[in-house]
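All remarks here apply to the structure that follows.
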Amino acid sequence: MATLNPDQKMETARGKIMGAVIQDILPWIEANLSDESIRIRNVTERSGYGHWHFQRVFRKQTGINLATYIRIRRIVRAAFSVAFSEKEIIDIAIENGFSSQQNFSRTFKYYFKVSPTTFRKNCSGREGIFRTLTKDIQHEFDWLFFEKLNHQN
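According to the working numbering, numbering within the sequence shown proceeds without interruption in unit steps and concludes at 594.
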């Protein structure tokens, strides 16, 4: 086993610390996804690190940028609610931090290729169909998001 030089040891320690910071901030982000005013700046301020530094570290640790993380978490939570609840689409949009039903529907269609209403009609609360309808986003983000769906609602 190779011995690390002091610079490598310091970089390893920094990585562990930042990994811990990211793991600490994720539950806070999750708890605040319904707040449409949550912005990257809110998250970076909460982390205690500089705006750009935290975003670089977040991307390095997770493989995606912070804005994408927030957007994907919101839309995946919303898709779950669309598929497995009787809530109105506007209520689901608001609960997941979207400023309007139009914004929500546009974002939903971008990721799932169908409107929320069509998604609901096609899924009808069946988990197997839900997995099929979300296969594209699941393929790209499964490692980060879909495990959490099993613990919702």
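Even glycine gets a Cβ: it sits at the ideal position worked out from N, Cα and C. It should be emphasised that the depicted structure is a prediction, and the values quoted were computed from it without experimental measurement.
Using the three-state DSSP reduction, which class does residue i fall into: helix, strand or coil?
i    : result
T444 : coil
T503 : helix
G538 : coil
G522 : Residue 522 is actually Ser in this sequence, not Gly. S522: helix per DSSP, three-state reduction.
K528 : coil
R567 : coil
T575 : coil
G491 : coil
Taking the CB atoms as reference points, tell me whether residue i and residue j lie closer together than 9 angstroms.
i    : j    : result
E477 : S540 : yes
R545 : A519 : One detail in the question is off: residue 545 reads as Phe in this sequence, not Arg. In this structure, A519 lies closer than 9 angstroms to F545 by Cβ.
H492 : I481 : yes
L467 : G538 : no
V523 : R561 : yes
I578 : Y552 : yes
I505 : F582 : yes
F499 : G566 : no
I'd like the span of the alpha helix (DSSP H) that includes residue i, first residue to last.
i    : result
Y551 : Q542 to F553
T559 : P557 to C564
N483 : I481 to S488
L474 : L474 -> no alpha helix (DSSP H), and no H or E assigned at all.
Beta carbon of residue i: closer than 8 angstroms to some heavy atom of the ligand FAD?
i    : result
G566 : The ligand FAD is not among the ligands present in this structure, which contains no ligands whatsoever.
Exercise. Quick check: the segment 527-535 against the segment 484-499, are there 3 or more CB pairs under 8 angstroms?
Worked result: no
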